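Asker: Sequential numbering of the sequence shown, starting at 30, is according to the working numbering.
Before I ask anything, let me first share the structure, which is written out below as structure tokens.
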Amino acid sequence: MIKIDHLVKNYGSFCAVDDISFEIGQGEIVGLLGPNGAGKSTTMNILTGYLSSTFGSVEINGLNILDNPLEAKKLIGYLPEQPPLYPDMTVEEYLNFTYDLKGCTLNREKHIEEICDIVKIKDVFKRLIGNLSKGYRQRVGIAQALVGNPEVIIFDEPTVGLDPKQIIEIRNLIRTLGKKHTVILSTHILQEVQAVCDRIIIINKGKIVADERTENISRVVEN
């Protein structure tokens, strides 16, 4: 489903991503784990086509993200660390705007209703986004990523700033999404990826230092 091959990203003399390669299969939930500044967000930005790489390639279901950007991006739903929300829109207006922006061809009313049911935002559907709690805003951010029913969902620090109850709710939601989508999430919190991921890739200083099934990662971290 996803293939990253010898990826490098340089900013002048600084190497943010240093020759990393990995593959992610369909239906996997994979966590990118590492400290702040490790290269996780840069990798995700390249994966989504937001940034170009210095060297290397990214393929989504056989489509190169640079050679076929529009077709490849149709396969991706992305929630950045700061959700791309418009506080002066209602949830209903925002999701319809996202539907149009993505050129979605699924039945509009049914598709948006299904998304709202999945992320549990039906009770705030008519409310202004700016008046919602951070937890609900995060759910609306996830909802926009699901518009168009993309095969791959990418989350950058999906629970940052949430309270413990909201964190548990978002983790449960990610596990639910993993039943029908390939999911990638980044975080600097070990417990986060252990709670939801099948596999964990540890990145430090732009390099992959471990790539293990979740049940084996504690042994790697201890060593």
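Virtual Cβ for every residue (Gly too), placed ideally from N, Cα, C.
Everything numeric in this text was worked out from a predicted model, so none of it was measured.
Taking 7 Å as the cut-off, decide whether the C-beta atoms of Val37 and Gly85 are in contact.
Answerer: Residue 37 sits at position 8 when you count from the first residue of the sequence shown. Residue 85 sits at position 56 when you count from the first residue of the sequence shown. Closer than 7 Å, so yes.
Asker: Where do the ends of the beta strand (DSSP E) carrying Leu108 lie?
Answerer: Against the sequence shown, residue 108 aligns to sequence position 79. Note, Leu108: beta strand (DSSP E), Ile105 to Leu108.
Asker: Please tell me whether Asp240 and Ser70 are closer than 7 Å, where the distance is taken between their beta carbons.
Answerer: Reading the sequence shown from its first residue, position 211 is the one you call residue 240. Reading the sequence shown from its first residue, position 41 is the one you call residue 70. Cβ atoms of Asp240 and Ser70: not closer than 7 Å.
Asker: Measure the CB-CB distance between Val169 and Val225 and report whether it falls below 7 Å.
Answerer: If you number the sequence shown from 1, residue 169 lands on position 140. If you number the sequence shown from 1, residue 225 lands on position 196. No, Cβ-Cβ distance for Val169 and Val225 is not below 7 Å.
Asker: Which residues in the same chain have their Cβ closer than 6 Å to the Cβ of Asn15, if we skip the five residues on either side of it in sequence?
Answerer: Limits of the chain in this structure are 30 at one end and 252 at the other, which puts residue 15 out of reach.
Asker: Nearest by alpha-carbon distance to Ser81: which of Leu95, Glu88, Gly91 and Thr188 is it?
Answerer: Along the sequence shown, one-based indexing puts residue 81 at 52. Nearest of Leu95, Glu88, Gly91 and Thr188 to Ser81, Cα basis: Leu95.
Asker: Grouping DSSP H, G and I as helix and E and B as strand, with all else coil, what is Lys151?
Answerer: On the sequence shown, position 122 is the one that residue 151 refers to. Helix at Lys151.
Asker: Identify which residue in Ile237, Ile229 and Gln223 has its Cα closest to the Cα of Ala45.
Answerer: Numbered from 1 along the sequence shown, position 16 holds the residue referred to as residue 45. The option with the nearest alpha carbon to Ala45 is Ile237.
Asker: What are the residues that DSSP puts in a beta bridge with Cys44?
Answerer: Locating residue 44 in the sequence shown gives position 15, where the first residue counts as 1. Note: Cys44 sits in a beta bridge opposite Asn39.
Asker: Under the three-state reduction of DSSP, which class applies to Arg168: helix, strand or coil?
Answerer: Along the sequence shown, one-based indexing puts residue 168 at 139. In this structure, Arg168 counts as helix in the three-state DSSP scheme.
Asker: Is the CB-CB distance between Gly207 and Ile58 below 7 Å?
Answerer: Taking the sequence shown and counting its residues from 1, one reaches residue 207 at position 178. Taking the sequence shown and counting its residues from 1, one reaches residue 58 at position 29. Yes; because the gap between Cβ atoms is below 7 Å, this pair is in contact.
Asker: Given a cut-off of 7 Å, decide if Gly235 and Asp47 are closer than it, judged by their beta-carbon atoms.
Answerer: Residue 47 sits at position 18 when you count from the first residue of the sequence shown. Residue 235 sits at position 206 when you count from the first residue of the sequence shown. Taking 7 Å as the Cβ cut-off, Asp47 and Gly235 qualify as a contacting pair.
Asker: Pull up the distance between the alpha-carbon of Asn160 and that of Pro116, whole angstroms please.
Answerer: Here residue 160 refers to the residue found at position 131 when the sequence shown is read from its first residue. Here residue 116 refers to the residue found at position 87 when the sequence shown is read from its first residue. Cα-Cα distance, rounded: 8 Å.
Asker: Just to confirm, does Val87 get its C-beta within under 6 Å of one of the non-hydrogen atoms of the ligand ZN?
Answerer: Within the structure as shown, the ligand ZN is missing, as the structure has no ligands at all.
Asker: In the DSSP assignment, find the alpha helix (DSSP H) that holds Ala224 and state where it starts and stops.
Answerer: Here residue 224 corresponds to residue number 195 of the sequence shown, with the count starting at 1. Counting along the chain, the alpha helix (DSSP H) containing Ala224 begins and ends at Leu219 to Val225.
Asker: For Lys155, count the other beta carbons within 10 Å of its own beta carbon; 16 or more makes it buried, fewer makes it exposed. Which is it?
Answerer: Position 126 of the sequence shown, counted from the first residue, corresponds to residue 155. It is exposed - the Cβ of Lys155 has fewer than 16 other Cβ atoms within 10 Å.
Asker: Helix, strand or coil for Ala239? Go by DSSP, reduced to three states.
Answerer: Position 210 of the sequence shown, counted from the first residue, corresponds to residue 239. In this structure, Ala239 counts as strand in the three-state DSSP scheme.
Asker: Relative to the C-alpha of Leu61, which candidate in Ile183, Leu114 and Pro193 has its C-alpha closest?
Answerer: Here residue 61 refers to the residue found at position 32 of the sequence shown. Per the Cα distances, Ile183.
Asker: Would you tell me roughly how many angstroms separate the C-alpha atoms of Leu99 and Glu198, rounded to the nearest one?
Answerer: Looking up residue 99 in the sequence shown gives position 70. Looking up residue 198 in the sequence shown gives position 169. Whole-angstrom Cα-Cα distance: 32 Å.
Asker: Provide the residue span of the beta strand (DSSP E) that contains Leu95, from first to last.
Answerer: Looking up residue 95 in the sequence shown gives position 66. Per DSSP, Leu95 belongs to no beta strand (DSSP E) and is neither H nor E.
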